[in-house]
Amino acid sequence: MSEILESTEIGRPMVRQDGPAKVRGLAPYAYEQPVQDPLHLHPVQSTIALGCIVSIDTSAAEALPGVVAVLTHENAPRLANTDDAELAVLQGHEVGFRGQFIGAVLAESPEVARQAAAAVVVDYEAEEHDADFRADHPQLTEPNAATADTFDGDVDTALRAAAHTVEATYTTPAEHNNPMEPHTTIALWDERGLTLYDSTQGPHPVRQTIAPVFGLQPDQVHVIAPHIGGGFGSKGLPHANVVLTALAAQRSGGRPVKLALTRQQMFTVAGYRTPTIQQVRLGADDDGRLSAVAMDAVEQTSKIKEFTEESGQPARMMYATPNRQVTQRLARLDIPVPSWMRAPGKCPGMFGPEVAMDEIAEACALDPIELRVRNEPESDPETGKPYSSRRLLDCLAEGAKRFGWDRRNARPGQRVQGRWRVGLGVAASTYPFLRQFSEAKVSYSADGTYAVHIGAADLGTGAWTALTQIAADALGVSAHRIRLEIGDTALPVASVAGGSSGTASWGAAIIAAADEFLAKFGVEPDPGAEVQTAAPRDSAQKEYAMHSFGAQFAEVCVNVDTGEVRVPRMLGVFSAGRIINAGTARSQFIGGMSMGIGMALHEQSVMDARFGSFVNHDFAEYHVPANADIADVDAVWLDEVDPLAGPLGARGIGEIGIVGAAAAVANATYNATGIRVRDLPLTPDKFL
Amino acid sequence: MNEATVNGQQRALTGIGAHTTALDWLRSCGLTGAKEGCAEGECGACAVLVAQPAESGRSAESGQSVASGQSDGADGADQTQWASVNSCLIPAAALNGQEVVTSEGLGSPADLHPVQSQMAANGSSQCGYCTPGFACSMAAEFYRCGRAGEAADVDGERSTDGAVTDDGGKPADGAVPADGTVPDDEHGPNGFDLHALSGNLCRCTGYRPIRDAAFALGAPQDDDPLAARRRKPAPGPVATDITGDDGRFVRPATLGETLDLMAGNPDATVVAGATDFGVEVNQRGRRDPLLIAVDRIDELRTFEATDSHVEIGAALSLSEVERKLDGRLPLLEGMFPQFASRLIRNRATIGGNLGTGSPIGDAPPALLALGARIVLVSPAGEREVDLDGYFTGYRQTVRRDDELIKSVRIPLPVAPLTAFHKIAKRRFDDISSVAIAIAGEVADGVITRARIGIGGAAATPLRAHDTERALLGNPWNEATINEAAAVLGAEGTPMDDHRASAAYRQSMLAQALKKFHAENDETLEVSA
Ligand SMILES: Cc1cc2nc3c(=O)[nH]c(=O)nc-3n(C[C@H](O)[C@H](O)[C@H](O)COP(=O)(O)OP(=O)(O)OC[C@H]3O[C@@H](n4cnc5c(N)ncnc54)[C@H](O)[C@@H]3O)c2cc1C
Ligand code: FES
Ligand code: FES
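Those protein sequences? They're chains A and B, same order as listed.
The opening position of the first sequence corresponds to residue 1 in my numbering, with each subsequent residue numbered one higher.
The opening position of the second sequence corresponds to residue 1 in my numbering, with each subsequent residue numbered one higher.
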C-alpha cells in the first residue's frame, strides 16, 4: 500500500488547460501537424469478403495527373514481421474481409488520390465466405487468449431446485466507436527512422507495435500526438491504416504522407465492438438469494485475427452465488477485425445479466435494489480476494434517494401521461482498476517552473489538466508552476490511455518522479535539476480485488402510438476512488452515460452477411446520440479515496459511465410498458 | 478577382476547382478550426459562419412582393445575420464576394469570444474535435436577432462539483410533468434555441457542458464587431465564373443569363444550397462539367403572401422560409424543426428539395397536403404545374432540362386542421423513414376537405388519394378514421430495410391519422 498524496489542486474543478486552444480551433490534431510538401494517400479496399486477388490493374490510376505511385501487394515494400494479420498490409494476395486494404494511391492531392483509387481495377477469385453471426454457428470455438470458463458448483441442478428462475437470451449488436476525429496518420521516413503524427491513445504503444513490423528498433520510431479527437478504444492500438501510411511513405521520395480515413472507411478497418448473444440463467430462492448464475456468451471475431470481447467478466464477479457458470465462445467469420470499444467486455456483458436481475427481482416480488442488497458478496466471487472497496450498495442507496426511486410503481405499465408511458429502471455498473507501467521525468528551470514529462496521450479525457493537478500536488506547488508535456515518444514511456488506467498509471509515475526529485533536491532545487523514474509496482492488486462500482438510474417515456423511446432523465452514482478533477470527471461520466443512451436507443452496425460488410457505415445511418437525445443526464460520485489504489487513491473513470446504462434504460422501458425487450437497441417497433 | 472575406481578411479564391469544398479551401488557407468529421453534412465539425441577408418575418405582408436579396423595405431591411453552415458541402466558389467567420475569427488573439469563454469555462470540450463547429453554431444563435439575450442565472444543479457530500439531490418528482408532455427543454432561460446546435454532433461530452455554456450566454456587447456587422447589408451575390481541372462554376447575374446558360448547356447542373449536391461530390465522387449556382437569383428568392396564396421562392433556404412564414402555415411550421438540422436548413432550399425529388424528402408530402403548385421557368416562359403529378418516377419529374423551379405557390385558405408527422430513427438530424402531412376540414361533423401527402411509402412522394376518398363526406368519427387508416396502410409499398420494417412504416402512417383525429377531436367538439 502506497502513501496517499495530500491534495490541494487535486479535486478542484480546474478548467481544462487545453480549453482555450480548442475553442479557438487552434489545437493541432494529427492532420494539422505542419509538414513540408506532403503527399496524400487513399486506400483501395477489397470488394469481396474472402478469396484472393487474381490481377490488379493500376494503369488507369497511374495515368492520372498527380498520381505518384499506386501500391499493391505486388509492389509494396515487404514488412519485417507479419505475425499480426491485421497489420500485414499489402503483403499477399489473400483477402480476409470485405473492405480490407488491397492497395493505395499516393498522389499530390487527396482528390486525385481518391479518384485514382476508384480507377484501380481488381479481379478476384472469390471464395464462399461466412459472415453470418448466430448462436448456433456450427463452429463455435473457445477463445485462445481470454479468461477460461468458470464452473463453480452445479448450475443445472441449482436451477432445477430454484424457487424462481429466469432463462433468456439477450443480444447486443455490433457498434462502432466513431470518435469525431477520423483515424489520421502522417508518416515520414528519414535517416533517423520513422516519424508518425498519429491520432492515437498511446504514442508509446504505437511505437512498440510498429517498430517490429518494420524491423526497426523502438527508438527509431518517433510518434507525436498532442491532441486526439477521441478514440473510445479504437485508437488504443494501431490499425492497418498506420502501417499503410508508413509503408507508402517508403515510396514517397522522402516526402511526408498523409492519410485520414473517411468516416465510411472507419467502419471496416478501425475496429468495432463485436455483437454478443448472451444466454443468461438465474436461479433464486424465495428470499431472492441467487442460487445460480450462468452466462454463456457467443461473440464474433475475424478469422484473420482473434479478438475476444470478454463479456463474461461481470457475471463472474458481480453477485454472490454458490453455483456459477460462465463461458465465452467465438464464431470465427470473414469479417472486419473487432477491437476495443469503451469498456470492452464489461459494457455488453452487463446488459444481459443486469436485465435478467430486473426480471428475477420481479419473479421474487422484490425491488431490484433490494435484490442486489441480498446478493452482495463479502469477497470477490471470482478470486476470493477481499475488496479494496465495494460500495455498490451505497451507490444504489444514494441514487435511489436522489432519483426518487420510491415513486417507481413495481407493477409495469401503470404510469401513463398523455401519449407516453413512463417508467423507471435501475442497473448496476462496474469497472476494474488497472494500473500499467509508466515513467515520468521532472525537471526544474530557472523561471521557477517544473517541467513534467510523460509520453501519455489526452484523447479528450482531460489528461492535460488532471496530470497538471497531480504534478502540482506531488511537488507541493501551485498548478501554474507546472509545465506539462505529453503526447510524444520523446517523453518517458507511458501506457495506453485505455482500460481507465491512464490517470492512475501516469499519475503514479509523476508522483514517484516528484517524490524522488524532492528527496534529492528539496524544495529549492537548482535550475536543471532533473529526475526520471517509473512508478513502483503495487502489491495491492495481488492481494485485493479492486473494482469501481456504480448505479445507473433511468426514467424513460415510451410513446403509445409510435413506440419511440426517450430518456428525459438519467442519474449515475459512482464509486471510483478519488476524483482528480470534478469538472472533467463529471464530463467523463456523463459522456459515458450518454454513449450508453446511444447504445440503448440507436447504435447498431448492421452486417449484411451476403456481402460481409456493414450496411449503415456513416453518420447518416449509424446514429450516435444528438443533442436532443440527451436530456437531463447527471452523474455524482461518492466522496472517497481508495487507500489501496496507488498513491492517488483513484480507480479510473473513463469507462464505467457506459456500463449498465443500456440495461437501466431497458429496465425502465419494461417498467413503463410491461414489454421486456432483450435485444438492443430499443427501437420503436419493439414496443408496438 | 475572386475573393472572400474570411475573419475580416480578404483572401483570394485561388487554387480551387468547381467542386472544391469551402472546407477544403479554408483548411488549405491554414484555417484548420473547421474540421472534417463526415463530409456529408451530418456532424457539424465543419461549421462556419456566413453573412446572409436578414429578413424579418412579416416584412412582406399581404401582397408586397419582395426580393430579400435586395432590400426588404421593412424592419429586416438591409441587415445581415450570421448563419452557421456546413462548409463541407458548400462549393468554395460560392463564397466569392461573401463573408465567412471561422472559429479562429471569433474573438481576438487577446480575448476569447463570449461563446468561446463560456465553452472553455464550462468544459464544453473533451477531445475538442467538435468544438470549433459548436462554437460557430453557438455564435450564430448568440447573434440571432430577437433572442432574449439575458444571461441565465445558471442554477445550482449545474455546478461542476458532483461529489456526494450533502444531502441535496434532485427533487423526487422527476422530470416528467403531470400534463403528459415530455419536456423538450429546447430553449434556455436566455432564449437560446437548442435547435441551433441540432446539426453538431459530439461523441465525448454528452452535450451537457455545451448546453451549460449556451445557456450562460448574455447579449452581445455594443462594441462586438460581429454584432455591429449585422446592422449593415449582407454582401450581395457576385457574378462568378471559375474554371478548374474538374469543371466550371458559374454564378450568373440574372435569371435570363441563367436560363440561357442552361439552354446552351444541356449537361449543366443547377446547384442551390448544395446540401444534396455536396454529398454527391464528397461521397460519390461526382464531377460535373458545368455548375450553375442559382441560390442568389432574385427572382427565385421572392416571398409573397396574399389573401389567395403564399408564394415561396425556390432559392430561399428553409430557415429563411421559416422566418418569413412566421407561423402562417402551421403545417410547415411543424416540418421545419424536423427537417435535417439548423445547419442544413440554413442552406437547403425548397427548390433543391423538390429538385432532388427524393421519395423521402420532407417538403413534398407537406406541400402535397397543402395543394401546392410549382412555378417552372424556362426561356419559353413560365408554367404552373400541380405538385400532385409532378413526380413521375424515382427521382423523375415533369420538369424539362431547360426549366428551373422558380417558386412554390400554396393556395389559401389552407384547411384549418393540419398535421405533419415524421418518423425517423433519431429525433433530429435524421431523414425520414416515413413522413405524412394531413390537411382537412370538418363541417357539421362531416369531413369536407382532406388532403394527405406521404413520403417514404413509394418511389416518389405520394398523394394518398384513396385515403382522402375514404374520409371525404364521411362523419368525423373513429369509425371513419379507422377505415381510412386501413386504406392508408395500403397506399404505396413502403420499403423494408435496416431503418424500419415495411410493417412499421405502414403502421406509423395509420397511427398518424388516428393521432390527427384524437388531437383534433376535442377542439371540434368544443367548437361544434
Ligand atoms: C445531413 C443532411 C440531412 C438532410 N436531411 C433532410 C431531411 O431531413 N429532409 C429532407 O427532405 N431532406 C434532407 N436532406 C436533403 C437536402 O438537404 C434537401 O433535399 C435540400 O432541400 C436540398 O436543397 P439544396 O438547395 O441544398 O439543393 P442542391 O443540393 O443545391 O440541389 C439538389 C438538386 O436540386 C436541383 N435544384 C436545386 N434548385 C433547383 C431549382 N431552382 N430548379 C431546378 N432544380 C433545382 C439541383 O440541380 C440538384 O439536382 C438532408 C441532407 C443532408 C446533407
Ligand atoms: S464534416 Fe461533418 S458536417 Fe461537414
Ligand atoms: S469533445 Fe470530442 S466530440 Fe465533442
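Just so it is clear, CB atoms sit at the ideal spot from N, CA and C, and this is done for glycine as well.
- Taking 7 Å as the upper bound on Cβ-Cβ separation, chain B lies near residues E555, C557, D561 and T562 of the segment 551-563 of chain A.
- The alpha-carbon of B:P237 is positioned some 16 Å away from that of B:V6.
- DSSP assignment within the segment 603-661 of chain A yields the following whole beta strand (DSSP E) runs of 3 residues or more, N-terminal first: 632-638.
- Secondary structure at A:E398: helix, using DSSP grouped into helix, strand and coil.
- Between A:A260 and A:T184, the C-beta gap is smaller than 8 Å, which places the two residues in contact.
- The segment 101-118 of chain A makes no contact with the segment 132-150 of chain A; the number of CB pairs closer than 8 Å stays below 3.
- Residue-level contact check: B:M508 touches chain A, since one or more beta carbons of chain A fall below 8 Å from its beta carbon.
- Note on the segment 421-500 of chain A: whole alpha helix (DSSP H) runs with a minimum of 4 residues are 463-475, in chain order.
- Contact between the segment 13-32 of chain A and the segment 212-223 of chain A is absent, with fewer than three C-beta pairs closer than 8 Å.
- DSSP places A:H227 outside both helix and strand once states are collapsed to three, so it counts as coil.
- Under a 10 Å Cβ-count criterion, A:V54 is classified as exposed, with fewer than 16 other Cβ atoms of the shown protein chains found around its own Cβ.
- When secondary structure is reduced to three states using DSSP, A:K303 falls in the coil class, being assigned neither helix nor strand.
- DSSP, read as helix, strand or coil, puts B:N96 in coil.
- Membership of B:P109 in any alpha helix (DSSP H) is not indicated, and neither H nor E is assigned to it by DSSP.
- In this structure, DSSP gives A:F97 a state outside helix and strand, which the three-state scheme calls coil.
- Not one heavy atom of ligand 1 falls within 7 Å of the beta-carbon of A:D618.
- Residue B:M262 holds the alpha-carbon nearest to the alpha-carbon of B:D401 among B:M262, B:N122, B:A121 and B:E519.
- Within the DSSP bridge table, the entry for A:I53 names A:Y124 as partners.
- Closer than 7 Å to some heavy atom of ligand 1: that describes the Cβ of B:D362.
- Contact annotation for B:Y129 against chain A: Y29, M180, E181, G229 and G230 [CB-CB distance below 7 Å, chain order].
- Under the three-state reduction of DSSP, B:F391 is assigned to strand.
- Taking the beta carbon of B:M119 as reference, the chain A residues within 9 Å of it are G19, K22 and V23, listed in sequence order.
- The continuous beta strand (DSSP E) containing B:S432 extends over residues S432 to A443.
- The Cβ atoms of A:S445 and A:P527 lie closer than 8 Å to each other.
- Closest by C-alpha distance to A:G654, out of A:A466, A:C557, A:E530 and A:D685, is A:A466.
- Between B:L318 and B:I350, the C-beta gap is smaller than 8 Å, which places the two residues in contact.
- Interface residue (Cβ-Cβ distance to chain B less than 8 Å): A:I580 is not classified as such.
- In this chain, B:G15 is not harboured by any beta strand (DSSP E), its DSSP state being neither H nor E.
- Judged by the Cβ position, B:E320 fails to qualify as a neighbour of ligand 1 at the 7 Å threshold, every heavy atom of the ligand being at least this far.
- Listed along chain B, the residues sitting closer than 7 Å to A:E32 by beta-carbon distance are T32.
- Here B:T102 really is in contact with B:L31; their C-beta atoms are around 5 Å apart, less than 8 Å.
- Bounds of the beta strand (DSSP E) holding A:F553 are A545 to N559.
- Distances between the C-beta of A:N409 and the heavy atoms of ligand 1 are all 7 Å or more.
- Taking 8 Å as the CB threshold, A:I630 lines the interface with chain B.
- Between ligand 3 and the CB of B:R203, the shortest heavy atom gap is smaller than 7 Å.
- Judged by DSSP secondary structure, A:S587 falls within the alpha helix (DSSP H) whose first and last residues are A582 to L601.
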